[in-house]
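One structure below.
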Amino acid sequence: MKKRLLHALIPLLIAFVQAEPVSADVTVYAAASLTNALSDVAKKFEQEHKDVKVKLSFAASSALAKQVEQGAPADVYASADSKWMDYLDGKGKIDHASRTNLLGNTLVLIAPHGKKLQVKLNKEFDFPGAFQGKLCTGVPESVPVGTYAKEALTRLGWWDKLQGRVVGLEDVRAALSMVERGECDAGIVYETDAKLSKKVDLVDRFPADTHSPIVYPFALVTQSGEAKEFLRYLAGAEAKKIFVNYGFTPAK
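In this note's numbering, the protein residues as written are 12 to 263.
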């Protein structure tokens, strides 16, 4: 009886020993504007780390920060501004020592392709009078691109004149989509997003001194070894090449 039981168990033991190692997961919550670039970086990382699977969740930095605050299972958090990283840092939800500013971006004005919007981004120009419809961007109070947009429009003296015409959306990709469909005559997004679409024209870049520096801080939420390795990879040469290819700049 014992011999028969032993013979029955041997194939199971061999299968257990020969089984492929179980892959570990790294869950990343990241700003919507990082969608394409970070997806490519994650694929490259997985090719070089066969035992690790990177799971990505993209949305507005504010929405993701609130989810992390409530205990969402993120290992790494990446914001499109310092405000929401500061928010989580202040609540002890990230590893402060791991926090690092990795990327920068450029704030741009876009219009539906072929619209031929003629604009000069300086105080002397009547921007509100240059078009008749709506201007899409992120929600100014919470979505980073909307916050930067409000700063720039205020600095140029246009914010008050555009009251009732600014459409604040849940993230930068939503703003881009509205302009692509022609539902907004103009939009303020990041240059990296504008470059992804053939349905919009990049009209002009906002001067850097019209808004706060655009910075993307990354930080650990957990102490997972795989998460630490991925964060190190994000700061490395291979990841940098991918980010630069999408139009991101190194953080200053």
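All C-beta atoms in this analysis are idealised placements derived from N, C-alpha and C, irrespective of residue type, glycine included.
- Here the alpha carbon of Gln81 sits roughly 16 Å from the alpha carbon of Ala41.
- Annotation for Gly144: no beta strand (DSSP E) segment contains it, and DSSP assigns it neither H nor E.
- The three-state secondary structure of Ile253, taken from DSSP, is helix.
- Taken in chain order, the unbroken stretches of alpha helix (DSSP H) that lie wholly in the region 143 to 179 and span 4 residues or more are 155 to 166.
- For Gly236, there is no enclosing beta strand (DSSP E); the enclosing alpha helix (DSSP H) has its first and last residue at 236 to 245.
- Around Asp51, the same chain offers Ile253 as residues with beta carbons nearer than 7 Å, after the five sequence neighbours per side are excluded.
- Ranked by Cα distance from Gln58, the first of Val255, Ala250, Gly144 is Ala250.
- At a Cβ-Cβ threshold of 8 Å, Ala43 and Ala70 count as neighbours.
- Ala122 and Ala197 do touch by the CB rule: their CB atoms are close to 5 Å apart, below 8 Å.
- Taken atom to atom, the span from the alpha-carbon of Lys64 to that of Ala53 is near 9 Å.
- Bounds of the alpha helix (DSSP H) holding Phe56 are 46 to 59.
- As the crow flies, the alpha-carbon of Gly140 is around 45 Å from that of Ile105.
- Residues of the same chain with a CB within less than 7 Å of the CB of Trp169, apart from the 5 flanking positions on each side, are Phe138, Pro139 in chain order.
- With a beta-carbon spacing of about 7 Å, Leu180 and Val150 fall inside the 8 Å limit used to define contacts.
- Here Lys126 is not near Leu167, since their CB atoms are 8 Å or more apart.
- In the DSSP assignment, Ala122 falls within the unbroken beta strand (DSSP E) covering 118 to 123.
- Setting aside the 5 residues that flank it on each side, Lys239 is surrounded in the same chain by Ser109, Leu231, each with a C-beta closer than 8 Å to its C-beta; the list follows chain order.
- If you look at Leu75, you'll find it in the alpha helix (DSSP H) that goes 72 to 80.
- Within the DSSP secondary-structure output, Thr233 pairs in no beta bridge.
- One thing to note: Lys263 has its Cβ within 8 Å of the Cβ of Pro224.
- The alpha-carbon of Glu237 is positioned some 15 Å away from that of Phe229.
- Nearest in C-alpha terms to Ala85, of all of Gly247, Pro218, Val39, is Val39.
- At a Cβ-Cβ threshold of 8 Å, Thr260 and Asn116 count as neighbours.
- By DSSP's assignment, Pro261 forms a beta bridge with Leu114.
- Taken atom to atom, the span from the alpha-carbon of Leu213 to that of Lys61 is near 39 Å.
- The DSSP-derived three-state label of Val190 is helix.
- Between Ser73 and Val154 the beta-carbon gap is near 6 Å, inside 8 Å, which marks them as a contact.
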